[in-house]
Amino acid sequence: MLDLLRRLSPLSVSSNLDKITQLVPDIQEDLLSAVDQPLTVARCKPTGRDYLLCDYNRDGDSYRSPWSNEFDPPIDDAAYPSERVRKMEVEANGAFDVYRSMYYEGGIGSVYLWDLDDGFAGVVLLKKESGRGEEEAGWDSIHVIEVDERGKTSKSAHYKLTSTVILHLGRENDTVGNLSLAGSLTRQVESDLVVESVGGQGKDGGHVCNIGRLVEDMEGKMRNQLQEVYFGKAKDVVGDLRSVASLGQVERDRRTQREVFQSMGGK
């Protein structure tokens, strides 16, 4: 199933997941936890703020808001982070809200943390959409972080970051027709970092800073790779296969080019 989904469009992954789980209901939970989907948005009723939905803040059919720490719809036996991890979650949401505003100039971000036996884990979600109608684009980034507090020293911790970016671009007009470009990219990094005391939360504040730096560095690298490698290659392929100029214009340009080369060769 995972091999099949990797070969289908990321924009259709949600509908494809529904169809697969209808055929094989027994694998639904495992499949949903293993496949990254384009993020969806919900409104936190107590605070009126938007937040992002994913498998990491889901409990059954309910989703937890990072702003109010409440599930919608409410459930009685929901699993919540411990008091310490919840404080870090609040701090991380504030920090990444500033990051989202600076880097994305809009969009929506959410951070969710949960407890582990030897530390804690979390996910940083960022979503930005722009354009409607003839031009549209969307960026979804999902950063899953695991923090092992049993570091090599008492002042360090081991971080493991797995990042996935889902990007789609669409354009429709008389010149290019109906053009759609979509794909996903996943990268992973592990690092041992010193945990310094930051703010009123001490080392917990240091964890938030370390996670922020890891996510910022990873997003920068993935953006550059998408722009230079993937978009560059797609531009070369499309340029070889299809020209927006007429054949007559292309022939005139080539003739002019040959004449320039010939005149330069004569000199």
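Numbering (my numbering), first residue to last: 17 to 283. A virtual CB, placed ideally from N, CA and C, is assigned to each residue, including glycine.
Cα-Cα separation between residue 209 and residue 112, rounded to whole angstroms | 20 Å
Counting along the chain, where does the beta strand (DSSP E) carrying residue 112 start and finish?
-> Per DSSP, residue 112 is not a residue of any beta strand (DSSP E); the alpha helix (DSSP H) it occupies stretches across 99-120.
Identify whether residue 133 lies in helix, strand or coil by the three-state DSSP scheme.
-> coil
Compute the Euclidean distance between the alpha carbons of residue 17 and residue 50, then round it to the nearest angstrom.
-> Distance from the CA of residue 17 to the CA of residue 50, rounded to the nearest whole angstrom, comes to 11 Å.
From which residue to which residue does the beta strand (DSSP E) around residue 156 run?
-> 151-164
Using beta-carbon positions only, say whether residue 85 and residue 96 come within less than 9 Å of one another.
-> yes
Among residues of its own chain, excluding the 5 on either side of residue 126, which ones have a beta-carbon nearer than 6 Å to its beta-carbon?
-> 67, 68, 82, 141
Nearest residue (CA-CA) to residue 190, options 202, 178, 221, 151 | 151
Leaving aside the five residues before and after residue 107 along the sequence, list all residues of the same chain whose C-beta is less than 7 Å from its C-beta, in chain order.
-> Around residue 107: 217, 221, 224.
Taking Cβ to Cβ, would you say residue 138 is nearer than 9 Å to residue 161?
-> yes
Rounded separation between residue 19 and residue 264 - CA only | 45 Å
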